[in-house]
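Just below is one structure, and these are the notes that go with it.
In my numbering, the protein residues as written are 1072 to 1255.
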């Protein structure tokens, strides 16, 4: 891994962070939406994962980044790998917390429903998330961080869920980086 800052839409991401141990920037991308033929970028995302994750992904050694980006089983394995993961999300365009919460809720609800896991308990949890973000306002350069110890995986699916992930550009970047790491 290099030591230079990685720029994601003019937002700098360090190549490594340290939580309980050093985690490497293995993927990055943006979230955006098209409104009246204009592409509006909302957030830049950095995905930091313990580099040991590649030991759990040997089944995919030799696959290209493009192949990995389209393989949901690969991302299920990344998510379930017992390694620390960390997401750093930086706001590019100001957004109301209520808008962010609703986007997140919609995305998560759809994924849970597709897996037939959306029931009263999940609905209540999503309502709490929306309520939390309701009173927030994210100015440009605001930072959200999600840290996942080795034994968790729920929020990770929202961001790292392969073909159904919140940010396709992040998935593509992560797949390409892991493809390179697996080829070593």
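The beta carbon of each residue, even a glycine, is placed where N, CA and C say it ideally should be. Computed from a predicted model, the values in this text were never measured in an experiment.
Going by DSSP, residue 1075 is part of no beta strand (DSSP E) at all; its letter is neither H nor E. If you ignore the 5 residues before and after residue 1252, its C-beta comes within less than 6 Å of the C-beta of 1125, all in its own chain and listed in chain order. In this structure, the CA atom of residue 1166 is about 7 Å from the CA atom of residue 1210. In the DSSP assignment, residue 1246 falls within the alpha helix (DSSP H) that extends over 1239-1253.
Contact between residue 1168 and residue 1129 fails: their C-beta atoms lie close to 41 Å from each other, not under 8 Å. When the Cα atoms are used, residue 1105 and residue 1113 turn out to be separated by approximately 11 Å. Considering only 1091, 1089, 1144 and 1096, the residue with the shortest C-alpha distance to residue 1076 is 1096. Counting along the chain, the unbroken beta strand (DSSP E) around residue 1094 starts and ends at 1093-1106.
When the beta-carbon positions are compared, residue 1082 and residue 1163 come within less than 9 Å of each other. By the neighbour-count criterion, in which a residue is buried when 16 or more other Cβ atoms sit within 10 angstroms of its Cβ, residue 1127 is exposed.
Cβ-Cβ distances below 6 Å link residue 1122 to 1095 in the same chain, with the five nearest sequence neighbours on each side left out; the list follows chain order. Contact between residue 1116 and residue 1150 is ruled out by a C-beta separation of about 15 Å, above the 8 Å threshold. If you compare the alpha carbons of 1221, 1212, 1174 and 1183 with that of residue 1238, the shortest gap goes to 1174.
Scanning the region 1156-1186 from its first residue to its last, the whole alpha helix (DSSP H) runs of 4-plus residues come out as 1168-1185. For residue 1176, the CB contacts under 6 Å within the same chain, skipping 5 residues up- and downstream, are 1197 and 1201 in chain order.
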